[in-house]
Structures are given as structure tokens and as C-alpha cells.
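Novice:
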Ligand SMILES: Cc1cc2nc3c(=O)[nH]c(=O)nc-3n(C[C@H](O)[C@H](O)[C@H](O)COP(=O)(O)O)c2cc1C
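Numbering (our numbering), first residue to last: 74 to 304.
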């Protein structure tokens, strides 16, 4: 498919579900021809050709469903109020969002793990924030620049995003993309969004904040919050 045709229909009618195909095609034809008789005048070869072309265009649009990425940082081990956990709070939410949207999951992982103890971890994180550090991260196997919509999740650390998220965002150009932020926290609520906007230059939509202990221990409640928020 030539890129020009692809991008034309992708931008005009991206995201159309297969179940809507017939209805949309009919509407499209009515709009284009202004004639309800179109369907009964199919003897005209020009109209047949038009119909075939429109079908092709709409068919291509279905292949151009929006690509969704769910990128997050999350830390297991000892954490505030939840004790020692095997799966991080934010990771639980990220998985719910990926399941609901069909998005691709991407876990940002620091090259050097944070301490397993909560107190040690908050001390390291405090120092990194004060130094505006960029901790190295492990290589990732997807390119975030290839996605249309990006869900970005992180635990609030000292009122901000954990510094490995800055390392991650400075590697890619996400300017103009749509970002839906979600956080887990233990009282600060939705935090770090101003710097997320600045570092990505993306269009950041209203975010979701869920208590970490709710994500960890009250999954039905967390799922309801996710379902309400995800478009
Ligand atoms: C280093 C560190 C700093 C934190 N700072 C905050 C904070 O400023 N505000 C807040 O509400 N919670 C804070 N928390 C709690 C976490 O945001 C919360 O436990 C979160 O759910 C952890 O998610 P995770 O398991 O995905 O890492 C902090 C936790 C850690 C480990």
C-alpha cells in the first residue's frame, strides 16, 4: 500500500472497529455521492470502481488501529504500608491498563536495582532527586516513538517521577504524542506531571492516581478505578 494512501486514510478514519465497517462504508458512500440511489445504480461502472476504492481505503484504515504503549516503572520488595511484595503496585495497574487497551507493556528497569529495604530505598531516591541524577536503565526491546498513545505509570517518589523515568524519556522523541499518566502513591496523589510534560513535550491528558495499598490489596476497587479512567 503506498504510504500516501495509507497515511491519508489512517489520519482520517483511524481506529474504526471492524464491527462498524459496513455502517461506516454506507455512510461514507452517502456522503460522497449524496445519493441514496447509489446502491441501486450499480450498473454504472464508475460507481462500481468508486465502491471498490472506498472499500480498499476503509480496509486499510482497519489495519491502522492506534498503537498503544503502557510504559511504567515499579519496584517490588519492601514498601510503605504493604510490606514485602513480589509485584510492584504500579505494575499491577499497568497490567490492568494493558489488558483493557490491548497495549504493549514496557517495564523500565534501572541497570542497578534499588535497595530492597524501604528506608534504604527512600534515602537513595532522595539523593538522586537532589542531584537530578539519570540512573542508567536496561535496554528495551520496543521503540516508544512508534506508538500513537502512551500510558505512563510510576510510583510517586518524593513528590516526583522516579529518576529512571527521566533517563528513559530523554532517550526518545515523544513530542506531540498523547500521554495518559497514572501513578500509585501513599498520600501525594497525582504528582510529577509537570516534569513529565516538560521532559516529553507530549500532550498529557488528565491522569489517574491510585493508592499503592489499594492496587496491592484491593484489586477489584483498583480495577474499577482503571475501568472508569481508561477511554
Ligand atoms: C523512594 C520512595 C519515595 C516515596 N515517596 C512518596 C511520596 O512522595 N508521596 C507518596 O504519596 N508516596 C511515596 N512513596 C510511596 C509510593 O509512591 C507507593 O508505595 C507506590 O505505590 C509504590 O509503587 P511501586 O510498588 O510500583 O513501586 C514513596 C516510596 C518510595 C519507595
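Virtual Cβ for every residue (Gly too), placed ideally from N, Cα, C.
What is the DSSP secondary structure of residue 229, counted as helix, strand or coil?
Specialist: The answer is coil: DSSP assigns residue 229 none of H, G, I, E or B.
Novice: Using three-state DSSP, classify residue 220 as helix, strand or coil.
Specialist: Three-state result, residue 220: coil.
Novice: Which of helix, strand or coil does DSSP assign to residue 254?
Specialist: Three-state DSSP puts residue 254 in a strand.
Novice: Decide yes or no for the touch test of the stretch 136-146 against the stretch 262-276: beta carbon pairs closer than 8 Å, at least 3 of them.
Specialist: Because the criterion of three Cβ pairs below 8 Å is not met, the stretch 136-146 and the stretch 262-276 do not touch.
Novice: By the DSSP assignment, the beta strand (DSSP E) with residue 214 in it spans what residues?
Specialist: Element bounds for residue 214: n/a, residue is neither H nor E.
Novice: So is the beta-carbon of residue 228 under 6 Å away from any non-hydrogen atom of ligand 1?
Specialist: Yes, ligand 1 has a heavy atom inside 6 Å of this Cβ.
Novice: Locate the alpha helix (DSSP H) running through residue 285, then write down its first and last residues.
Specialist: Taken as a continuous stretch (DSSP letters only), the alpha helix (DSSP H) holding residue 285 covers 285-290.
Novice: Can you grab the Cα-Cα spacing for the pair residue 164 / residue 147, in whole Å?
Specialist: C-alpha separation (whole angstroms): 6 Å.
Novice: Rounded to a whole number of angstroms, what is the C-alpha to C-alpha distance between residue 304 and residue 208?
Specialist: Each residue's alpha carbon lies about 33 Å from the other.
Novice: Return the chain-ordered list of same chain residues with a C-beta closer than 6 Å to the C-beta of residue 150, the five sequence neighbours on each side being excluded.
Specialist: Excluding residues within five positions, the ones whose Cβ falls inside 6 Å are 189.
Novice: When you compare each of 254, 290 and 224 to residue 159 by their alpha carbons, which one comes out closest?
Specialist: For the residues 254, 290 and 224, the minimum Cα distance to residue 159 belongs to 290.
Novice: Would you mind working out which of 201, 246 and 301 sits nearest residue 220, comparing C-alpha positions?
Specialist: Out of 201, 246 and 301, 246 has the C-alpha closest to the C-alpha of residue 220.
Novice: Please find out if some non-hydrogen atom of ligand 1 comes closer than 6 Å to the beta-carbon of residue 231.
Specialist: Checking the Cβ of residue 231 against ligand 1 gives yes.
Novice: To which residues of the same chain is residue 185 closer than 8 Å at the C-beta, ignoring the five residues directly before and after it?
Specialist: Closer than 8 Å at the Cβ level, and outside the excluded window around residue 185, lie 208 and 209.
Novice: Are residue 255 and residue 232 close, meaning C-beta to C-beta below 7 Å?
Specialist: No.
Novice: What span of residues does the beta strand (DSSP E) with residue 144 cover, start to end?
Specialist: Start and end: 141-145.
Novice: Indicate the three-state DSSP secondary structure (helix, strand or coil) for residue 304 in the structure shown.
Specialist: If DSSP states are grouped into helix, strand and coil, residue 304 belongs with coil.
Novice: When the distance is taken between beta carbons, is residue 224 closer than 7 Å to residue 253?
Specialist: It is a contact, given that the beta carbons lie within the stated cut-off.
Novice: Starting from the C-beta of residue 229, find all residues in its chain whose C-beta is less than 7 Å away, skip the five residues before and the five after it, and write them out in chain order.
Specialist: Closer than 7 Å at Cβ, skipping near neighbours: 256, 258, 261, 264 and 265.
Novice: Would the beta-carbon of residue 260 be found less than 6 Å away from any heavy atom of ligand 1?
Specialist: Residue 260: yes, Cβ under 6 Å from ligand 1.
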